[in-house]
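Visitor: Quick one: the structure is below, questions incoming.
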Amino acid sequence: KNQVEQSPQSLIILEGKNCTLQCNYTVSPFSNLRWYKQDTGRGPVSLTIMTFSENTKSNGRYTATLDADTKQSSLHITASQLSDSASYICVVSAGSSGGSYIPTFGRGTSLIVHP
Amino acid sequence: DTEVTQTPKHLVMGMTNKKSLKCEQHMGHRAMYWYKQKAKKPPELMFVYSYEKLSINESVPSRFSPECPNSSLLNLHLHALQPEDSALYLCASSQDGANYGYTFGSGTRLTVV
């Protein structure tokens with residue numbers, strides 16, 4: 001069964017500090033892994049997407065890494081801002097011959113940035 | 116245009132009402148999806164429309180029915196909903212093939228009273 005596990009479940013940090021969120025997955029065959037930021041009551045917004053051959057990808061203060069051998073990914077947030085407070089969701093898609101790639105969602109990490 | 120547009124943003128409806136949620140994208144994506152998301156939970160897949168074929172999550176009750184007038188639109192018709200159906204409903208679309216361009220709309224916050 002395809003699964004995506006995220007840790008920690010929640011995290012509180014001070015503004016300006018860095019943090020790292022973790023994602024472990026058992027999705028096969030692997031197609032791609034995405035990190036989303038979701039504000040409360042809003043749709044998820046894509047931060048990064050990585051395929052099997054990519055180890056790291058950055059989007060501003062967000063840097064995602066992927067280790068396809070250990071099936072782990074991390075999202076590093078640098079110099080956090082109050083606006084970073086949100087849920088961060090790891091989503092892993094399996095390859096399919098049927099043309100429709102149904103992703104598996106992690107439960108998310110709730111990040112709160114305090115002033 | 117790189118967006119998935121959902122309307123309305125908020126909807127309050129009674130249990131005897133009939134309403135529709137609309138989802139539109141102009142990115143040329145050939146797959147569109149409806150998700151239901153309860154607070155502090157990951158989205159749950161309800162329907163997929165891909166390659167002009169509709170796939171249904173069998174756990175979704177028949178009071179939800181999707182409609183795909185064309186490849187850019189995916190509507191969700193609601194009828195005789197229950198209070199437990201109150202949730203954030205998310206639409207998404209993706210390119211053919213490897214699902215690389217998976218994009219979510221901003222969601223419709225539905226409250227059933």
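Those sequence lines, one after another, are chains A and B. Under the numbering used here, the residues of the first sequence are numbered 1 to 115, in order. Under the numbering used here, the residues of the second sequence are numbered 116 to 228, in order. Where a beta carbon is used, it is the ideal one built from N, C-alpha and C, also for glycine. Quantities reported herein were computed from a predicted structural model and do not represent experimental measurements.
On a CA-only basis, which of R42/A, K17/A, E5/A and Q9/A is nearest H76/A? Give me that one, please.
Guide: For the residues R42/A, K17/A, E5/A and Q9/A, the minimum Cα distance to H76/A belongs to K17/A.
Visitor: Using a Cβ-Cβ distance cut-off of 7 angstroms, determine whether R107/A contacts chain B.
Guide: yes
Visitor: Let me know if L82/A comes out buried or exposed under the rule of 16 or more other beta-carbons within 10 Å of its beta-carbon.
Guide: exposed
Visitor: Can we say the segment 118 to 132 of chain B touches the segment 161 to 176 of chain B, given the rule of at least three CB pairs closer than 8 angstroms?
Guide: no
Visitor: Opposite N59/A in the DSSP bridges: which residues?
Guide: Y62/A
Visitor: Which term fits A146/B, buried or exposed, when burial requires 16 or more other beta carbons within 10 angstroms of its beta carbon?
Guide: Classification of A146/B: buried, given that the 10 Å Cβ count is 16 or more.
Visitor: Measuring CB to CB, does S110/A end up less than 7 angstroms from S87/A?
Guide: Judged by beta-carbon spacing, S87/A lies within the 7 angstroms limit of S110/A, meaning their Cβ atoms are closer than that value.
Visitor: How far does the beta strand (DSSP E) with S87/A in it extend, from its first residue to its last?
Guide: Residues A86 to A94.
Visitor: Taking the alpha-carbon positions, what's the C23/A to T131/B distance?
Guide: 42 angstroms
Visitor: Please compile the residues from chain A whose C-beta is within a distance smaller than 7 angstroms of the C-beta of L160/B.
Guide: I102
Visitor: Chain B beta carbons: is any one of them nearer than 7 angstroms to that of G43/A?
Guide: Closer than 7 angstroms: yes.
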